[in-house]
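The structure appears below as structure tokens.
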Amino acid sequence: MWLDLREIIEMPGRSADFSCTLSTELLDFPSVVRFLSEPEAKGTVLNTAGVLTLTGAIDAKMLCVCDRCGREFETEKHVVLDVPLAADMEDDEDPDIFPLDGDGIELDEVLETCFILDMDAKFLCREDCKGLCHTCGKDLNEGECSCGKQVDPRLAVLGQLLDIED
Ligand SMILES: [Zn+2]
Ligand SMILES: [Zn+2]
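Here the sequence shown stands for residues 66 to 231, numbered as in our numbering.
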């Protein structure tokens, strides 16, 4: 969505609201099975003493795969937006500042970038997901497997040494 900023660009104190949905086409993450609804973005661009800042939030609902146990789970994502926009980019190497495109801004690019940058590195069905046993593959959230009961070979050696001393 194109946001026209002509009305606020030279007018400190003025703001422009926006509200739109994000296309999920470019939001491709290995742990996301699918989006349960299109991410919704809402916010405002405010001119504070000549400096433009975009604030707001993106809300999304997704079906994900747990990185530890492989189970599918639903999760909601809330991305807080607080991005400076610049009319004249002196240093266009700064990735934290988004350049204006003439007297407006293409919101999709800004919002997609913010969403991607905020994406969790890990997707867990729950904070303390126990994952799968490396040996038998059992889901340890459902209970312990018998692999853990086998004695560690290093402890077995220690046991033998103790036996000798006896
Ligand atoms: Zn899990
Ligand atoms: Zn096991």
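Glycine included, C-beta positions come from ideal geometry on N, C-alpha and C.
Check: Taking 8 Å as the cut-off, does the CB of Cys194 come closer than this to any heavy atom belonging to ligand 1?
Finding: At least one heavy atom of ligand 1 sits closer than 8 Å to the Cβ of Cys194.
Notebook entry, point to check: Are there 16 or more other CB atoms within 10 angstroms of the CB of Val116, so buried, or fewer, so exposed?
Noted result: exposed
Item checked: From His199, Val110, Val130, Leu182, residue whose alpha carbon lies closest to that of His143 -> When each option's Cα is compared against that of His143, the closest is Leu182.
Notebook entry, point to check: Shortest alpha-carbon distance to Trp67 belongs to which of Glu75, Phe100, Leu87?
Noted result: Leu87
Item checked: Environment of Asp95 [buried if 16+ CB atoms lie within 10 Å] -> Residue identity differs from the one stated: residue 95 is Pro in this sequence, not Asp. Pro95 is exposed by the Cβ-count criterion.
Next item on the list: Report yes if the C-beta of Gly208 is less than 8 Å from at least one heavy atom of ligand 2; otherwise report no.
Entry: no
Notebook entry, point to check: Cβ of Gly202 versus every heavy atom of ligand 1: is any distance shorter than 8 Å?
Noted result: Ligand 1 has no heavy atom closer than 8 Å to the beta-carbon of Gly202.
Checklist line | Proximity of Glu139 and Leu101 at Cβ, strictly below 9 Å | finding: yes
Note to self: Quick check on the DSSP output: what are the complete beta strand (DSSP E) runs of length 3 or more inside the region 120-177, in order along the chain?
What the structure shows: 137-151, 169-171
Check: To the nearest angstrom, how far is it from the Cα of Gly202 to the Cα of Glu141?
Finding: 28 Å
Notebook entry, point to check: For Arg133, is the classification buried or exposed, using 16 other Cβ atoms within 10 angstroms of its Cβ as the cut-off for buried?
Noted result: buried
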